[in-house]
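Here the first sequence stands for residues 11 to 291, where the numbers follow our numbering. Glycine residues also receive a C-beta, built at the ideal position from the N, C-alpha and C atoms. All values derive from a computational prediction rather than experimental measurement. Only one structure is covered here, and it is reproduced in the block below.
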Amino acid sequence: MPELPEVETIARGLAARVPGRRVEGVTVRRPDVIARPASRRAFRDGMTGRRIREVTRRGKNVLFVLDAGMRLLVNLGMTGRLLLDDAPAARGLGHVAVRFRLDDGRTLLYDDVRRFGRMELFDAQGWAERDARFGLEPLGEEMTPEALHAVTSASRVPIRNLLLDQDRIVGVGNIYASEALHRSRVHPARPASSLTRAETHRLRDEIRAVLQEAIDAGGTTFSDYRNASGEAGAFQFRLRVYGREGEPCAHCGTAIERQVISNRSAFFCPACQPHRRGRRA
DNA sequence: AACGCGCCCTGTCCGC
DNA sequence: TGCGGACAGGGCGCGT
11 MPELPEVETI ARGLAARVPG RRVEGVTVRR PDVIARPASR RAFRDGMTGR
61 RIREVTRRGK NVLFVLDAGM RLLVNLGMTG RLLLDDAPAA RGLGHVAVRF
111 RLDDGRTLLY DDVRRFGRME LFDAQGWAER DARFGLEPLG EEMTPEALHA
161 VTSASRVPIR NLLLDQDRIV GVGNIYASEA LHRSRVHPAR PASSLTRAET
211 HRLRDEIRAV LQEAIDAGGT TFSDYRNASG EAGAFQFRLR VYGREGEPCA
261 HCGTAIERQV ISNRSAFFCP ACQPHRRGRR A
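Here it is as structure tokens:
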């Protein structure tokens, strides 16, 4: 479900409401969601008594900065939601996996229908090691045209797949990969290393633009995604290709096509995004 | 080492 | 109405 814009929206919502609070108790109803440390007891003990200093985002993860240099990293998978129990939408949750009781009487809930989401608790050292392994942050200063070109030129996987690989570039998922490629006029199945320097630079600009526009719209909601207050986003109305198979391309009118690449759908305009080879870099 | 694929799990929708 | 299959915004672990 959630890609960078959705996770950013959730993190901002929580950042306005939980920093300064202390975790007084943890209830783990679905142990498979806890990925680190190995035991649920160690997770509970590690979280209990921690004060939440900050809530931010790293890639597609919500990052809770705790005291004592600890970090709680939450990957929402496809259907994960984080919200406080005082939000009206909290009453409708049917798959609460973890509860964090806070010192002001509220409870932070993690709900996840499919349980693809995972939580990891790090100490300072563990976090430094994990943090170093993330790919490029697309909205960060590190995302220079040269940096993206270095990534694309090093692999022959379809460019759509490369954009989904969190070891190379973080935050982009299946929706925004299709959208950014369409806006850049690059076919999703093209080998990454076949992109010209000009195409890579365009792609860099369009990734940043579409992610920022989606953040401004509060994210994309098809069914599951909600922000920290339980509200839907609005970017689904501005998608140009994702989920629009058979509809006319907004740019040229040609019918949008869907192609399955590595078991996941890619949407593109066959006219705007021809599958011709670019010059080798 | 890099890459493709199956799989994790639940819900919804569509065709028959 | 029921049923089987396809599909869903993600990512891990496996074999090659």
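> Which stretch, first to last residue, makes up the beta strand (DSSP E) that contains residue 130?
Replying inline: Residue 130 sits at position 120 when you count from the first residue of the first sequence. Looking at the DSSP string, the run of the beta strand (DSSP E) that includes residue 130 is 128-132.
>> For residue 267, report the span of its beta strand (DSSP E) as first-last.
In response: Here residue 267 corresponds to residue number 257 of the first sequence, with the count starting at 1. Residue 267 -> beta strand (DSSP E) spans 267-271.
> Would residue 220 be called buried (16 or more neighbouring beta carbons within 10 Å of its own) or exposed?
Replying inline: Against the first sequence, residue 220 aligns to sequence position 210. Buried, because 16 or more other Cβ atoms sit within 10 Å of the Cβ of residue 220.
>> Quick check on DSSP: helix, strand or coil for residue 276?
In response: If you number the first sequence from 1, residue 276 lands on position 266. Residue 276: strand per DSSP, three-state reduction.
> Do the CB positions of residue 37 and residue 108 come within less than 8 Å of each other?
Replying inline: Translated into the one-based positions of the first sequence, residue 37 becomes position 27. Translated into the one-based positions of the first sequence, residue 108 becomes position 98. Their beta carbons are under 8 Å apart, which means residue 37 touches residue 108 by this criterion.
> residue 299 and residue 213 look like a contact to me (Cβ under 8 Å); what is the Cβ gap, rounded to whole Å?
Replying inline: There is no way to answer for residue 299, as the model of the chain reaches only from 11 to 291.
>> Using C-beta distances below 6 Å, list every residue in its chain close to residue 11, excluding the 5 sequence neighbours before and after it, in chain order.
In response: Here residue 11 refers to the residue found at position 1 when the first sequence is read from its first residue. Excluding residues within five positions, the ones whose Cβ falls inside 6 Å are 88, 89, 234 and 235.
> In terms of residues, what are the limits of the beta strand (DSSP E) holding residue 85?
Replying inline: The residue you call residue 85 lines up with position 75 of the first sequence. Counting along the chain, the beta strand (DSSP E) containing residue 85 begins and ends at 81-85.
>> So, for residue 18: in the same chain, excluding its five sequence neighbours on each side, which residues have a beta-carbon less than 6 Å away from its beta-carbon?
In response: Counting from 1 along the first sequence, the entry for residue 18 is found at position 8. Excluding sequence neighbours, residue 18 sits near 67 and 225.
>> Quick check: the Cα distance between residue 165 and residue 172, rounded to an integer number of angstroms?
In response: As a working mapping, residue 165 is identified with position 155 in the first sequence. As a working mapping, residue 172 is identified with position 162 in the first sequence. One C-alpha to the other measures close to 8 Å.
>> If I measure Cβ to Cβ from residue 218 and keep anything under 8 Å in the same chain, skipping five residues before and after, which residues do I get?
In response: Locating residue 218 in the first sequence gives position 208, counting from the first residue. Around residue 218: 148, 149 and 153.
>> Within 8 Å, do at least three Cβ pairs link the stretch 103-120 to the stretch 178-185?
In response: no
> Can you name the start and end residues of the beta strand (DSSP E) that residue 107 belongs to?
Replying inline: Against the first sequence, residue 107 aligns to sequence position 97. Residue 107 -> beta strand (DSSP E) spans 106-112.
> Beta carbon of residue 86, beta carbon of residue 131: below 8 Å?
Replying inline: Sequence index remark: in the first sequence, residue 86 carries index 76 (1-based). Sequence index remark: in the first sequence, residue 131 carries index 121 (1-based). Not closer than 8 Å, so no.
> Do you know how far the Cα of residue 256 is from the Cα of residue 215?
Replying inline: Position 205 of the first sequence, counted from the first residue, corresponds to residue 215. Position 246 of the first sequence, counted from the first residue, corresponds to residue 256. Straight-line Cα distance between these residues: approximately 27 Å.
>> Quick check: residue 251 and residue 189, are their CB atoms within less than 8 Å of each other?
In response: Walking along the first sequence from the start, residue 251 turns up at place 241. Walking along the first sequence from the start, residue 189 turns up at place 179. Contact flag set, yes.
> Among residues of its own chain, excluding the 5 on either side of residue 280, which ones have a beta-carbon nearer than 7 Å to its beta-carbon?
Replying inline: Translated into the one-based positions of the first sequence, residue 280 becomes position 270. Excluding positions up to five away in sequence, the list reads 264 and 267.
>> Measuring straight from C-alpha to C-alpha, what distance separates residue 185 and residue 129?
In response: Residue 185 sits at position 175 when you count from the first residue of the first sequence. Residue 129 sits at position 119 when you count from the first residue of the first sequence. Computed Cα separation, rounded: 23 Å.
> In angstroms, rounded to a whole number, what distance separates the CA positions of residue 92 and residue 278?
Replying inline: Locating residue 92 in the first sequence gives position 82, where the first residue counts as 1. Locating residue 278 in the first sequence gives position 268, where the first residue counts as 1. Roughly 32 Å separates the two Cα atoms.
> Looking at C-alpha atoms only, which residue of 146, 100, 170 and 35 is the closest neighbour of residue 283?
Replying inline: Working through the first sequence from its first residue, we reach residue 283 at position 273. Minimum Cα distance to residue 283 is reached at 170.
>> Relative to the C-alpha of residue 197, which candidate in 25, 269 and 14 has its C-alpha closest?
In response: Your numbering for residue 197 matches position 187 in the first sequence. It is 269 whose Cα lies nearest to the Cα of residue 197.
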